[in-house]
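Following: one structure in structure tokens, then a few remarks.
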Amino acid sequence: EAAEVYLTCLFEDANLAAIHARRVTIFPRDIYLVRRIRGEHITMPMACESPFKPASQTFSRD
């Protein structure tokens, strides 16, 4: 039940981010933005990381 509440709130906030961007579709970047604003730790698989970003700028869990 807690997971359902968490996901519902996450998608509601992501929907607001999409509406702010004048879109009706939620993109992964909306969820990323919401989680970043909330201060949640964001882990991204190696395959999704930009090849143009130097390794020194990647996020690590402390």
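If you use full-length UniProt numbering, the sequence shown corresponds to residues 1 to 62, in order. Even glycine gets a Cβ: it sits at the ideal position worked out from N, Cα and C. On a predicted model such as this, the values are computed, not experimentally measured, just so you know.
Item to check | Within 8 Å, strictly: CB atoms of A17 and V34 | outcome: In contact: A17 and V34 (Cβ atoms closer than 8 Å).
Next on the checklist: Does A21 pass the burial test, meaning 16 or more other C-beta atoms within 10 Å, or should it be called exposed?
Outcome noted: Exposed, by the Cβ-count rule.
Next on the checklist: Whole angstroms are fine: how far does the CA of E1 sit from the CA of I26?
Outcome noted: Straight across, the Cα-Cα distance linking I26 with E1 is about 23 Å.
Checklist entry - Can you name the start and end residues of the alpha helix (DSSP H) that R35 belongs to? => result Its alpha helix (DSSP H) spans residues P28 to R38.
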